[in-house]
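Which chain is which? The protein sequence lines are A and B, in order.
The first sequence finishes on residue 231 if you use numbering that gives the first Met the number 0, and the numbering steps up by one all the way, no holes.
The second sequence finishes on residue 231 if you use numbering that gives the first Met the number 0, and the numbering steps up by one all the way, no holes.
Each residue gets a CB set at the ideal place from its N, CA and C atoms; glycine is no exception.
Values in this document were obtained by computation on a predicted structure and should not be read as measured data.
There are 2 protein chains.
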Amino acid sequence: MEVATPVKGTVTQRAIGQIKQMITDGTLEPGQRLPTERDLAARLGLSRSSMREAIRALTVLGVLEARHGSGIYVTRLEAGDLLETFGLVAEISPKAALVELLEVRRILESAATAQAAARIDEEQLATVAGHLTTMHETSDAADFITADMAFHGAIARAAGNDVLAAIIERLSSRTFRARVQRGHEDADAFAQAREDHGRIYRALQARDPEAARSAAAAHVRVVEEWLRSQLD
Amino acid sequence: MEVATPVKGTVTQRAIGQIKQMITDGTLEPGQRLPTERDLAARLGLSRSSMREAIRALTVLGVLEARHGSGIYVTRLEAGDLLETFGLVAEISPKAALVELLEVRRILESAATAQAAARIDEEQLATVAGHLTTMHETSDAADFITADMAFHGAIARAAGNDVLAAIIERLSSRTFRARVQRGHEDADAFAQAREDHGRIYRALQARDPEAARSAAAAHVRVVEEWLRSQLD
DNA sequence: CTCAGTAAAGTAGTCCGACCAATATCCGTG
DNA sequence: CACGGATATTGGTCGGACTACTTTACTGAG
Numbered sequence: 000m001e002v003a004t005p006v007k008g009t010v011t012q013r014a015i016g017q018i019k020q021m022i023t024d025g026t027l028e029p030g031q032r033l034p035t036e037r038d039l040a041a042r043l044g045l046s047r048s049s050m051r052e053a054i055r056a057l058t059v060l061g062v063l064e065a066r067h068g069s070g071i072y073v074t075r076l077e078a079g080d081l082l083e084t085f086g087l088v089a090e091i092s093p094k095a096a097l098v099e100l101l102e103v104r105r106i107l108e109s110a111a112t113a114q115a116a117a118r119i120d121e122e123q124l125a126t127v128a129g130h131l132t133t134m135h136e137t138s139d140a141a142d143f144i145t146a147d148m149a150f151h152g153a154i155a156r157a158a159g160n161d162v163l164a165a166i167i168e169r170l171s172s173r174t175f176r177a178r179v180q181r182g183h184e185d186a187d188a189f190a191q192a193r194e195d196h197g198r199i200y201r202a203l204q205a206r207d208p209e210a211a212r213s214a215a216a217a218h219v220r221v222v223e224e225w226l227r228s229q230l231d
Numbered sequence: 000m001e002v003a004t005p006v007k008g009t010v011t012q013r014a015i016g017q018i019k020q021m022i023t024d025g026t027l028e029p030g031q032r033l034p035t036e037r038d039l040a041a042r043l044g045l046s047r048s049s050m051r052e053a054i055r056a057l058t059v060l061g062v063l064e065a066r067h068g069s070g071i072y073v074t075r076l077e078a079g080d081l082l083e084t085f086g087l088v089a090e091i092s093p094k095a096a097l098v099e100l101l102e103v104r105r106i107l108e109s110a111a112t113a114q115a116a117a118r119i120d121e122e123q124l125a126t127v128a129g130h131l132t133t134m135h136e137t138s139d140a141a142d143f144i145t146a147d148m149a150f151h152g153a154i155a156r157a158a159g160n161d162v163l164a165a166i167i168e169r170l171s172s173r174t175f176r177a178r179v180q181r182g183h184e185d186a187d188a189f190a191q192a193r194e195d196h197g198r199i200y201r202a203l204q205a206r207d208p209e210a211a212r213s214a215a216a217a218h219v220r221v222v223e224e225w226l227r228s229q230l231d
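Laid out in structure tokens, this is it:
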């Protein structure tokens, strides 16, 4: 009579689960180095090939990091690490889902902007102002977009919630913008954005959460409604 | 003189990028079947082992689905598929990040509940009512939690945004609850939850978005503040 | 003794080939 | 045509060999 080995799924899936377990129960801590692929494979009772698949999976999920020639390490497990894959949704979701993603962004960004208004310090505010100036002074589209992303990123971080900031960043990524706004980045759109950004900045400066919230919501809503009109 | 092959990263990473590209540019469509592992490896110019790692990576990301004996298929690429990994954040984030995750959940859930109040139909409302009844009638903790999750899930879906609902669901998963509320699921907590849920339901019934929003926010905030107190 | 350079060991990355297990297809039988 | 079993297809697993990169240890010059 054999021992009832509860084999569920592939050996690779099991290995993924076991490593995840080791992290949740504290056996593996952030930054810690793991045994070598060969050792791990031996300990968990599978081949190195399958072990590598498990490691690769946890690598793309932002849980592990493999350094060629050195070893395998647990990441810091910070929001940015684990939410790396969130960007994928923005990248390959069907067009129909883009408006839903923008809606989520609007919800999160308006909340983040409101919270930023309540707690932003002078230094952070100066950083935001700097990006605002850059957007007003440049006429190059690429530079404008870079400053735009930095502007929103700085605000999201000023809200003091790394998870929130990480999600917002990935919903404002370059590739996402490219998918949504293709053909919409004309002079009018830039002028509109400059106005919106000014309104957001003034609300932050005034430490007025509600004004910040509505300004941020309106800013995203412009893109949102433009996209909706495009889908018809 | 060799041709300048822009080899960036491992061959597996390149293969992952190439398949992602095929999906974004429409070469591969949702539900479509891919060539066999062996064919793909040959076409992209790498070994089957490395190809398998790429496929495994895209599998855990919810982009591909491998069926033993049948083939490899693109998933439907719906929100639920691609956001599967979001649950990982809730599962293995360090404890310190849990409060930030709850804060995100509060933001999203209050917005979703408000929107649900504005557009929920009678059938959906009846479903919500059913879960509410179950929570009132049962005295078993497991049953209560199941109904609780179904209650919030039904509301999130009634908001009409699949992405939003998928994220909320993963921020309310069983494992996440277990991590947050360990030791907090006593009779008082259940009683409190019943009251909160009643308030949310009445707001939905009255089609009052603002009441729904504040009721949902208050509901999550209770857990949030309890957790904050535990971290000291 | 200090330090730079180099050799050696350790480790992840890649490839190959074989076989197993689940599924799909084909074909003969009734 | 319906059915069931043989056959082919396809993903899953394994083991080993070799490559490329990193780290460590050693060696010799100063």
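Counting only Cβ pairs nearer than 9 angstroms, list the residues of chain A close to residue i.
i	result
Pro-29/B	Pro-93
Thr-11/B	Arg-55
Ala-238/B	Residue 238/B falls outside the range modelled here, since chain B spans only 0 to 231, and no answer is possible.
Ala-40/B	The premise fails here: Ala-40/B is roughly 14 angstroms from chain A at the closest Cβ pair, so nothing lies under 9 angstroms.
Ala-140/B	Ordered by position in chain A, no residue passes the 9 angstroms Cβ test against Ala-140/B, which lies about 22 angstroms from the chain.
Exposed or buried, residue i, counting other C-beta atoms within 10 Å across all chains shown (16 or more means buried)?
i	result
His-67/B	exposed
Ala-214/B	buried
Thr-26/A	exposed
Leu-230/B	exposed
Gly-61/B	buried
Ser-138/B	exposed
Thr-35/B	exposed
Arg-173/B	exposed
Glu-28/A	exposed
Thr-132/A	exposed
Asp-80/A	buried
Ala-3/B	Any answer about Ala-3/B is weak, because its pLDDT of 46 lies below 50 and its placement is not dependable; what the coordinates show is given next. Ala-3/B is exposed by the Cβ-count criterion.
His-218/B	buried
His-196/B	buried
Ala-53/A	buried
Ala-158/A	buried
Ala-190/B	exposed
Arg-32/B	exposed
Glu-136/A	exposed
Glu-224/B	exposed
Glu-99/A	buried
Ser-92/B	buried
Arg-51/A	buried
Ala-205/B	exposed
Run through chain B and tell me which residues come within less than 8 angstroms of residue i, C-beta to C-beta.
i	result
Glu-99/A	Ala-78, Asn-160, Asp-161, Val-162, Leu-163
Ile-22/A	Ile-91
Val-103/A	Leu-107, Asn-160, Val-162, Leu-163, Ile-166
Thr-35/A	Residues of chain B passing the Cβ test: none, with the nearest at roughly 17 angstroms.
Under 9 angstroms between beta-carbons, which chain B residues line up against residue i? List them in chain order, please.
i	result
Ile-199/A	Correct list: empty, because the minimum Cβ distance to chain B is about 18 angstroms.
Lys-19/A	Leu-87, Glu-90, Ile-91
Leu-82/A	Phe-85, Val-88
Ala-116/A	Those within 9 angstroms of Ala-116/A in chain B number zero; the least Cβ separation is about 15 angstroms.
Which residues does DSSP pair with residue i in a beta bridge?
i	result
Arg-13/B	Paired residues: none, contrary to the question.
Arg-32/B	Tyr-72/B
If the cut is a Cβ gap below 7 angstroms, which residues of chain B does residue i touch?
i	result
Ala-56/A	Arg-55, Ala-56, Val-59
Leu-63/A	Going along chain B, no residue has its Cβ under 7 angstroms from Leu-63/A, so there is no contact; the nearest lies around 11 angstroms.
Leu-45/A	In chain order: nothing, as chain B lies at least about 13 angstroms away.
Ser-48/A	Ser-48
Applying a beta-carbon distance threshold of less than 7 angstroms, which residues of chain A neighbour residue i?
i	result
Ile-106/B	Ile-106, Leu-107, Ala-110
Arg-51/B	Glu-52
At 8 angstroms on the CB atoms, spell out the chain A contacts of residue i, in chain order.
i	result
Ala-210/B	Residues of chain A passing the Cβ test: none, with the nearest at roughly 18 angstroms.
Worksheet entry | Complete runs of the beta strand (DSSP E) confined to the region 48 to 118 of chain A [at least 3 residues] | 63 to 66, 70 to 73
Discussion item. List, from N- to C-terminal side, the alpha helix (DSSP H) runs of 4 residues or more that fit wholly inside the region 156 to 212 of chain A.
Written reply: 161 to 169, 173 to 180, 186 to 204
Worksheet item: Okay, do the region 87 to 96 of chain A and the region 156 to 166 of chain A touch, 3+ Cβ pairs below 8 angstroms being the bar?
Response: no
Worksheet entry | Contact between the region 105 to 120 of chain A and the region 152 to 161 of chain A (3+ Cβ pairs under 8 angstroms) | yes
Practice prompt. Mind the definition here: the region 135 to 148 of chain A touches the region 119 to 127 of chain A only if three or more C-beta pairs lie below 8 angstroms; say whether that holds.
Written response: no
Worksheet item: When the Cβ atoms of the region 8 to 18 of chain A are set against those of the region 40 to 58 of chain A, are three or more pairs found closer than 8 angstroms?
Response: yes
Worksheet item: Taking contact to mean at least 3 C-beta pairs separated by less than 8 angstroms, is the region 101 to 109 of chain B in contact with the region 201 to 208 of chain B?
Response: no
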